[in-house]
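In my numbering, the protein residues as written are 1484 to 1736.
Beta carbons: idealized from backbone N, C-alpha and C, even for Gly.
Notes for the one structure printed next.
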Amino acid sequence: MRRKFLGGNWKMNGLKSGLTALLTAVIQQLKDLATVEVAVFPSDVYLESMGNLLKAQHSAIALGGQNHCDHEEGAYTGETAPGMLQDIGCRYVLLGHSERRHTFGESNRVIARKFALAKQHHLIPVLCVGETEMQRDIGETEAVVREQINAVVNEVGINALAKAIIAYEPVWAIGTGKIATAEAVQEMHAMIRKHLANSDHDIAQNIQIIYGGSLKPQNAKDIFVLPDVDGGLVGGASLKAEDFTALAKLLAS
Ligand code: PEP
1484 MRRKFLGGNW KMNGLKSGLT ALLTAVIQQL KDLATVEVAV FPSDVYLESM
1534 GNLLKAQHSA IALGGQNHCD HEEGAYTGET APGMLQDIGC RYVLLGHSER
1584 RHTFGESNRV IARKFALAKQ HHLIPVLCVG ETEMQRDIGE TEAVVREQIN
1634 AVVNEVGINA LAKAIIAYEP VWAIGTGKIA TAEAVQEMHA MIRKHLANSD
1684 HDIAQNIQII YGGSLKPQNA KDIFVLPDVD GGLVGGASLK AEDFTALAKL
1734 LAS
C-alpha cells in the first residue's frame, strides 16, 4: 500500500513573517491528519526557521529543499550543497522541477548527478518530470518522460528509486490554471509505472508517483482518486493555508 504524499512548493515567494504565519496555520489545520505525508519546500533562506517552527510544534510535516548543487561542496558561489540540506533537517529535495529545467537550463545529465548526490546524503529526491506543450503537440510526451527517468536510472541504478518520489508535472500545466485531464494523468502515471517495471517490478509498484500542475481543492478530486496517483505537488495553492490543507484532507479521504 503506497502512502499518499502532498508537497507544497513555495518557490521564491513570501517573506519570513508571512511564511511563518502560513506554516503555523498549516500545522494547526493538519495536526490530526496522520494518513498523508505532508512536506513543505521553502526557499533555502527560510529552511532553518521553518524547520525550527515544525520542531517547536512537534509537527509531522516534513521539510524539503527546492534544489541543490550537482557538486558536493566547494567553489560554487550561490549554490547549496546537498549535505547542507541534510544538515539543516531536510528529508526531501525537489530535483528537475520544470523551472530548473527550462528557466535555468538544467539537463537530464545534471539532474541525474544531483539525484545521485541526494541519495548519498540520505535525502529523498522528488524527481520532477514532464513534457512541454510543444512536445505534447508533436506526440513526444511519453518519450520525453521516459528519457528524463532513464537518465536517472542509468546514473544511479533502479534500486536508488526504492526511496524516491516521481512527480509527473506537465510543464504547460504548471502555474497556468490548466490542468491535465484525469484520463491523461492516469495514462502517464501508469506508463511511468510500467516503464519502471521493466527494470524492477517491486520498485515500480511501491514508488509514489504524484501529479503536479495547477492543483486546487476544486479540481483535485478527480485526480486524487486515480489508481496510479499517490498525491500531489502543489505550487500556487500551497501559499494559501486553506487551499493546501483542503488538498491534504481530500487526499486523506
Ligand atoms: C509546481 O510548481 O510544482 C506546481 C505544480 O505549481 P502550480 O501548482 O502553481 O501549478
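Reference residue i, options the options, closest by Cα
i       : options                            : result
Asn1642 : Thr1659, Gly1613, His1684          : His1684
Ala1645 : Ala1720, Val1609, Ala1522, Ala1731 : Val1609
Met1671 : Gln1569, Arg1592, Glu1625          : Glu1625
Ala1650 : Asn1637, Val1636, Val1628, Glu1638 : Val1628
Gly1579 : Gly1640, Leu1730, Gly1695          : Gly1695
Met1617 : Val1654, Asp1711, Ala1634          : Val1654
Val1636 : Ile1544, Arg1619, Lys1602          : Lys1602
Ala1517 : Glu1614, Val1528, Asp1726, Phe1488 : Phe1488
His1585 : Thr1615, Leu1506, Lys1723          : Thr1615
Glu1638 : Leu1600, Phe1587, Gln1669          : Leu1600
Length of the line joining the Cα atoms of residue i and residue j
i       : j       : result
Cys1552 : Ala1665 : 34 Å
Ile1648 : Ile1706 : 17 Å
Gly1566 : His1604 : 6 Å
Asn1492 : Val1576 : 10 Å
Gly1719 : Val1521 : 16 Å
Gly1546 : Met1484 : Before going on, a small fix: residue 1546 reads as Leu here, not Gly. The alpha-carbon atoms of Leu1546 and Met1484 are separated by roughly 23 Å.
Pro1710 : Ile1693 : 11 Å
Cβ-based burial, residue i [other Cβ within 10 Å; buried from 16]
i       : result
Ala1539 : exposed
Ile1607 : buried
Met1533 : buried
Ala1504 : exposed
Gln1510 : Rather than Gln, the amino acid found at residue 1510 in this sequence is Ile. Buried, because 16 or more other Cβ atoms sit within 10 Å of the Cβ of Ile1510.
Glu1630 : exposed
Phe1598 : buried
Whole-angstrom C-beta distance between residue j and residue i, which should lie under 8 Å
i       : j       : result
Ser1581 : Cys1611 : 6 Å
Gln1691 : Gly1714 : 6 Å
Arg1592 : Ala1543 : With 8 Å as the limit, Arg1592 and Ala1543 do not qualify as a contact, their Cβ atoms being about 36 Å apart.
Any non-hydrogen atom of the ligand GDP closer than 7 Å to residue i Cβ
i       : result
Leu1530 : Ligands displayed in this structure: the ligand PEP; the ligand GDP is not among them.
Do the segment 1493-1504 and the segment 1552-1571 meet, that is, are 3 or more Cβ pairs less than 8 Å apart? no
Is the segment 1694-1703 close to the segment 1661-1679, with three or more CB pairs under 8 Å? yes
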